[in-house]
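One structure below.
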Amino acid sequence: MDAETSVLDKYVGQRVDGGLPDEVYDIYKPGADYTRGLRQSIGVIEFEDFLKTYLPEESNDGDKALKENLRKILDFPKDDKLRVMLEEAIDSVKFNTRRLLRRQACGNKVLRGRHEWEHHRQGRVHRKRTTQLKKAQNFKSREKQQQEEEVKIAERHHEN
């Protein structure tokens, strides 16, 4: 997987706009295990603190008003506690998406502890994968610069 941070953040933003908080709301069950399976993959664990605060303790599972108001929280004032918590949850999803990218860049290895990571970083497989990733990023960067230069030239030509 090869993507820039801004592209990943934009993707997560699109997921949020597309209803990620609604999906998480539907799946969320207080006290459930969010470290395995579907709940982990959607990102419920990142939203757990927000949902614990947002949902009353005696909430109905099907409380439609709470679900409908969920999207409106991002329109609250910037210093509102719920908005801050929701934005932190979204930022956490972005961070974990970037972390997944790095893991996939290293062959999707699960490395436990600093010693395993250092040992892996010194290995040939890591050097090869990171070199390929850097080359791809440099290529994209050069390609983008060339496109920008072509646009500038076209604009200058159009002005004359």
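Take the sequence shown: its letter number 12 is residue 18 in my numbering, and every next letter is one higher.
For each residue, glycine too, the CB sits at the ideal point set by N, CA and C.
Values in this document were obtained by computation on a predicted structure and should not be read as measured data.
*Does the beta-carbon distance from Tyr34 to Val50 come in below 8 Å?*
Going by C-beta atoms, Tyr34 is nearer than 8 Å to Val50.
*How big is the Cα-Cα spacing for Lys84 and Leu92?*
Distance between the alpha carbons of Lys84 and Leu92 is about 11 Å.
*Work out the CA separation of Lys146 and Glu74 for me, nearest whole Å.*
Whole-angstrom Cα-Cα distance: 40 Å.
*Take the Cβ of Phe82 as the centre, count every other Cβ of all protein chains shown within 10 Å, and call the residue buried at 16 or more, exposed below.*
The residue in question, Phe82, is exposed, as its Cβ has fewer than 16 Cβ neighbours within 10 Å.
*Name the two residues that bound the continuous alpha helix (DSSP H) containing Lys16.*
Taken as a continuous stretch (DSSP letters only), the alpha helix (DSSP H) holding Lys16 covers 11-23.
_Cutting at 6 Å between CB atoms, please list the residues of its own chain near Asp8, excluding the five before and the five after it._
With a pLDDT of only 47 at Asp8, under 50, the local geometry of the prediction cannot be trusted, and no value is derived from it.
*Going by CA-CA distance only, name the one from Val13, Glu161, Glu154, Leu80 that's closest to Asp23.*
For Asp23, the nearest C-alpha among the options comes from Leu80.
_Local conformation of Gly43 per DSSP, three classes_ = Helix at Gly43.
*Relative to the ligand FAD, is the shortest distance from any of its heavy atoms to the C-beta of Arg133 smaller than 7 Å?*
Among the components modelled here there is no ligand, and therefore nothing to report on the ligand FAD.
*DSSP three-state call for Phe172: helix, strand or coil?*
In the structure displayed, the chain extends from 7 to 166; residue 172 sits before or after that span and is not available.
*How many angstroms separate the CA atom of Lys158 from the CA atom of Glu149?*
Near 14 Å, if we compare the C-alpha coordinates of Glu149 and Lys158.
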